[in-house]
Amino acid sequence: MNTVKVAVIGAGVIGLSTAVCLAEALPYCSVKILAEKFSPDTTSDGAAGILMPKVFPDIPVERQRRWFKETFAHLQSIVESPEAPEAGVYLSSGYHIFKEVPTDPNPYWTDFVFGFRTMTVHEMKRFPKHNFGQAFTTIKCECSRYLPWLEKRFRKAGGQIKCEKVTDLQQLIPHYDVIVNCSGLGSHHLVGDEGVYPVRGQILKVHATWLKNFIRDGDGKTYIYPGIDHVTLGGTRQKDDWRLEVDKGDSEGIMERCSQLEPSLQKAQVLEEWVGLRPGRRNLCVEREWLQAQDHQVLLVHNYGHGGCGISLSWGSALDVVGLVRKSLHEKPLRAKL
Ligand SMILES: Cc1cc2nc3c(=O)[nH]c(=O)nc-3n(C[C@H](O)[C@H](O)[C@H](O)COP(=O)(O)OP(=O)(O)OC[C@H]3O[C@@H](n4cnc5c(N)ncnc54)[C@H](O)[C@@H]3O)c2cc1C
Ligand SMILES: O=C([O-])CC(=O)C(=O)O
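Under UniProt numbering, the letters of the sequence shown match residues 1 to 338, in that order.
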């Protein structure tokens with residue numbers, strides 16, 4: 001087979017995971033990443049990186065289960081390897097607490113994390129405003145380390161990288177056989193998908209080395225995630241809010257809510273305030289279509305709209321892209337005249 005030229009747009013956790021999977025699984029592809037921003041300046045870089053996905057309403061649960069299972073297995077193999085510290089991937093244990101018992105107390109991902117159980121009455125006494133809780137161990141993947149590690153792995157597999165903002169997919173058509181769109185929130189403009197919207201997330205990074213366990217409130221916006229260099233305190237979940245500036249009122253609210261759960265945080269030094277825009281979408285988009293060139297068709301595969309769970313589903317959705325590219329290349333030989 002002739003070399004297949006692939007462009008992957010985006011260098012966040014989705015673009016890099018997809019590019020690595022393609023370069024390693026399909027040796028007849030020459031893969032190039034085109035991205036406007038790279039680590040440490042992507043949304044992925046500031047994410048807490050906890051593996052605990054939300055559920056997409058219209059995607060079969062079996063497909064979501066596979067995405068999570070594959071991501072968990074991939075990251076677990078890194079946890080168990082000497083690469084773990086460089087890649088910033090490790091196990092993290094803690095509590096998920098709720099004011100009321102959630103409608104689905106056992107979402108699909110609870111089958112894969114370790115030691116998932118209901119908290120005891122004794123444990124819950126620490127959280128007097130909450131009536132139900134779950135304890136488990138999951139994986140935490142810190143993208144400020146993981147993305148540079150993936151980039152190295154990508155280059156080792158022969159991948160190339162170019163800093164470029166893509167404004168029109170048509171301009172790529174003469175140069176590539178396959179285009180993979182991993183532009184996250186950028187898809188709103190790049191492919192005109194109005195179903196993609198920002199979900200603004202502000203967090204604080206604090207110095208609190210004494211904290212070892214995560215605490216997440218089922219309200220979805222209050223969390224404490226101990227990490228390698230800092231503890232992440234969250235957060236906000238503001239839909240359709242494009243502001244990238246820090247909001248001091250949000251910072252105060254975050255500190256107040258987190259200190260209620262963990263009073264020792266009142267003594268923690270704030271190292272940084274950070275804002276990222278989650279690529280919100282009702283359902284994650286992992287689909288393919290064909291773009292019309294002059295006398296042939298170019299394959300376009302999408303992988304965007306991961307909302308608040310891009311890290312949790314990154315490897316699994318990237319493997320789906322590999323499957324779609326492989327299947328499409330078998331169905332339609334490249335540059336075949338129409
Ligand atoms: C505060 C916060 C906490 C989070 N915590 C977690 C968590 O604990 N666990 C979890 O699983 N998820 C978490 N998330 C969600 C996670 O960060 C996102 O789902 C994930 O980062 C999306 O990855 P992405 O690669 O699609 O997007 P991004 O990281 O935004 O990357 C997009 C890439 O596309 C490029 N791009 C866009 N448009 C163009 C263009 N036109 N031309 C060229 N390049 C372009 C960008 O430059 C960038 O390289 C959190 C998010 C936030 C904001
Ligand atoms: O919700 C969480 O626990 C962390 C997260 O994914 C986010 O803020 O998007």
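The beta carbon of each residue, even a glycine, is placed where N, CA and C say it ideally should be.
If distances are taken between C-alpha atoms only, which option among the options comes closest to residue i?
i           : options                           : result
Ala157      : Trp315, Ile215 and Pro27          : Pro27
Asp111      : Arg153, Arg243, Glu62 and Ile14   : Glu62
Gly234      : Tyr176, Asp295, Arg200 and Lys125 : Arg200
Gly276      : Arg155, Lys162, Val13 and Arg243  : Arg243
Cys182      : His175, Gly310, Ala23 and Gln266  : Gly310
Leu204      : Leu313, Lys327, Leu172 and Asp247 : Asp247
Asp104      : Gly133, Glu80, Glu164 and Trp274  : Gly133
Asn213      : Asp219, Gln202 and His230         : His230
Glu331      : Ser317, Trp315, Ser312 and Arg288 : Arg288
Phe127      : Lys99, Arg145 and Lys152          : Lys99
Pro53       : Tyr108, Leu16 and Val121          : Tyr108
Ala73       : Arg145, Leu313 and Trp210         : Leu313
Thr209      : Ile224, Glu80 and Arg65           : Ile224
Val206      : Ser39, Phe68, Lys129 and Cys258   : Cys258
Arg117      : Pro102, Glu262, Gly249 and Thr137 : Thr137
Arg155      : Glu252, Ser328, Ala19 and Thr42   : Ala19
residue 427 : Trp149, Gly115 and Cys21          : Outside the displayed span of the chain (1 to 338) sits residue 427, for which this structure offers no information.
Val166      : Val322, Lys327, Ala11 and Val325  : Ala11
Arg216      : Gly184, Ile254, Leu319 and Pro279 : Ile254
Ala101      : Ala318, Asp219 and Arg237         : It should be pointed out that residue 101 corresponds to Val in this sequence rather than to Ala. Ranking the options by Cα distance to Val101, first place goes to Asp219.
Ala268      : Gly249, Arg281 and Thr232         : Thr232
Asp45       : Arg145, Leu324, Leu185 and Gly94  : Arg145
Gly280      : Ser328, Gly227 and His188         : His188
Gln260      : Gln160, His130 and Trp315         : His130
His57       : Leu324, Ser328 and Asn283         : The amino acid at residue 57 is misidentified as His; the sequence shows Pro. Closest option to Pro57, Cα to Cα, is Asn283.
Pro40       : Trp274, Trp290 and Arg326         : Trp274
Ser92       : Gly115, Asn106 and Glu70          : Gly115
residue 345 : Gln64, Ile97 and Gln160           : It is not possible to answer for residue 345, since the shown part of the chain is limited to 1 through 338.
Cys285      : Glu262, His122, Gly184 and Lys69  : Gly184
Ala47       : Asp240, Leu172, Val13 and Leu324  : Val13
Arg278      : Ser81, Met119 and Arg237          : Arg237
Val191      : Leu75, Val322 and Leu291          : Leu291
Leu172      : Ala293, Asn2 and Leu324           : Ala293
Val113      : Leu211, Gly186, Gln64 and Lys69   : Lys69
What residue range does the alpha helix (DSSP H) around residue i cover?
i      : result
Glu194 : Run containing Glu194: none; DSSP gives neither H nor E here.
Ile78  : Val61 to Val79
Trp149 : Cys143 to Lys156
Thr43  : Thr43 to Gly46
Gly310 : Gly310 to Glu331
His122 : Val121 to Met124
The beta strand (DSSP E) with residue i in it runs from where to where?
i           : result
Ala23       : Looking at the DSSP string, Ala23 is not in any beta strand (DSSP E); the run it does join, the alpha helix (DSSP H), is Val13 to Ala25.
Leu91       : Val89 to Phe98
Val180      : Val178 to Asn181
Thr118      : Phe114 to Thr118
Tyr225      : Tyr223 to Pro226
Asp217      : Phe214 to Asp217
Val6        : Val4 to Ile9
Leu34       : Cys29 to Ala35
residue 344 : Nothing can be reported for residue 344, as the shown portion of the chain is limited to 1 through 338.
Leu299      : Gln297 to Tyr304
Gln160      : Gln160 to Cys163
Give a yes or no on contact between the region 86-105 and the region 134-148, applying the rule of three or more CB pairs nearer than 8 Å. The way I'd put it, the region 86-105 does touch the region 134-148; three or more beta-carbon pairs between them come closer than 8 Å.
Taking 8 Å as the threshold, find out whether the region 177-195 comes into contact with the region 292-305 through three or more Cβ pairs. yes
Can you give, in chain order, each stretch of the beta strand (DSSP E) that sits fully within the region 235-293 and has at least 3 residues? 269-280 and 285-292
Spell out a yes or no on whether the region 31-39 and the region 6-21 are touching, meaning 3 or more CB-CB pairs, one atom from each, closer than 8 Å. yes
With a threshold of 8 Å, are at least 3 pairs of Cβ atoms found where one atom belongs to the region 172-181 and the other to the region 290-300? yes
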